[in-house]
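Using the UniProt record's numbering, you'd call the opening residue of the sequence shown number 1 and step up by one each time.
Below is one structure, written out as structure tokens, with a few remarks after it.
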Amino acid sequence: SLAPNAPYPSSLHVHFRTSHGMDVKFDVRLKRNLFAADSFVWAHDGPELALLKSHKPHHIAYEGTLPLGYIRLTMFDRHTFHATIKLHDKIVVVDPVEHHKNAHQLTSPVTGMVAYSIPLEAATLSNEHHRQLTSTFGRMATCTWSARQITVGVVSDAGFTSEHGGAAKTQSYLIAVYNSINGLYDDQIGVHLTIGAFLIETAAGGAAWNVEPQTCGAMVDMNVQLNAVKSYVKLHYECKG
1 SLAPNAPYPS
11 SLHVHFRTSH
21 GMDVKFDVRL
31 KRNLFAADSF
41 VWAHDGPELA
51 LLKSHKPHHI
61 AYEGTLPLGY
71 IRLTMFDRHT
81 FHATIKLHDK
91 IVVVDPVEHH
101 KNAHQLTSPV
111 TGMVAYSIPL
121 EAATLSNEHH
131 RQLTSTFGRM
141 ATCTWSARQI
151 TVGVVSDAGF
161 TSEHGGAAKT
171 QSYLIAVYNS
181 INGLYDDQIG
191 VHLTIGAFLI
201 ETAAGGAAWN
211 VEPQTCGAMV
221 DMNVQLNAVK
231 SYVKLHYECK
241 G
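Set out below in structure tokens:
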């Protein structure tokens, strides 16, 4: 049965095999705490139309646990999903094949899913260990602290929205990104990111951060971009929320 406010069941059993002999089975449950209780999607259809409060984001994110690992899975439709799976010795990522640039370079269309992995022993920065733990991957067993929650807003300009196939697919893609990020953050540093709002632009224009640049100028600076977005959200979202 479908879960309330969600297009999919409250729990799923997932089983997949790869051409390289990997056979993975796991159970996941709907992850409702990815969104704040008052989370909304704001759609902006261009500079000539008002910013409109659209609807609450769909609950399509799932989570699960494994011995020495975790699963974060996000449904795109009834047959495709994104998943980040931490096993005892590797990280496995599963995606729809069309999400990969190599698929776009083929002469004939391809469908289905693709999986790839990286050994945890290889997850280092340069030649230093940094956050890599030599015996146990994840939080050190002798350290305890309370998990912290941080609420974030997610903004997509018209270019990003177009690149990902429209507002609905962009929202699903970003949910998958934050769901997977939380797998790492929850496991490694005890921080959980909660999405408070989506602002998704579908047409270029209006605010400076949503205008297609004609030349390299001040907006190339990421700090300028971020300040422009913050000013816009403060004016249009905080005052009308």
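For glycine and all other residues, C-beta sits at the position ideal for the given N, C-alpha and C.
Shown here, Lys230 sits in a helix according to DSSP, grouped into three states. Residue environment: Val177 is assigned as exposed (fewer than 16 neighbouring CB atoms within 10 Å of its CB, all protein chains considered). At the C-beta level, Thr80 and Asn179 stay beyond 7 Å of one another.
By the CB criterion at 7 Å, Ala115 and Val94 fall inside the cutoff. Ranked by Cα distance from Pro9, the options Ala61, His44 and Lys234 are led by Ala61. Pairing Ser117 with Lys90 gives a Cβ-Cβ distance under 7 Å.
In the DSSP assignment, the residues bridged to Asp23 are Arg17. For secondary structure counted as the alpha helix (DSSP H) over 4 or more consecutive residues, the segment 145 to 214 holds these complete runs in sequence order: 158 to 163 and 167 to 188. The beta-carbon separation of His59 and Arg32, rounded to 6 Å, stays under the 8 Å limit for a contact. Secondary structure of Arg72 (DSSP, three-state): strand.
Apart from sequence neighbours up to five positions away, the residues of its chain that approach Thr151 with a beta-carbon distance below 7 Å are Ala36, Thr194 and Gly196, ordered along the chain.
By DSSP's assignment, Leu66 forms a beta bridge with Gly69.
Between the alpha carbons of Ser19 and Pro213 lies a gap of roughly 44 Å.
The beta carbon of Ala228 sits closer than 8 Å to the beta carbons of Ala207, Ala208, Trp209 and Met219 from its chain, once the five residues preceding and following it are set aside; these are given in chain order. Rounded to whole angstroms, the gap between the alpha carbons of Asp186 and His164 is 27 Å. Per DSSP, Pro57 lies in no beta strand (DSSP E) and is assigned neither H nor E. Contact annotation, Ala43 with Ile200: C-beta distance approximately 6 Å; criterion of less than 8 Å satisfied. Under the 10 Å beta carbon count, Ser156 is surrounded by 16 or more other beta carbons and is classified as buried.
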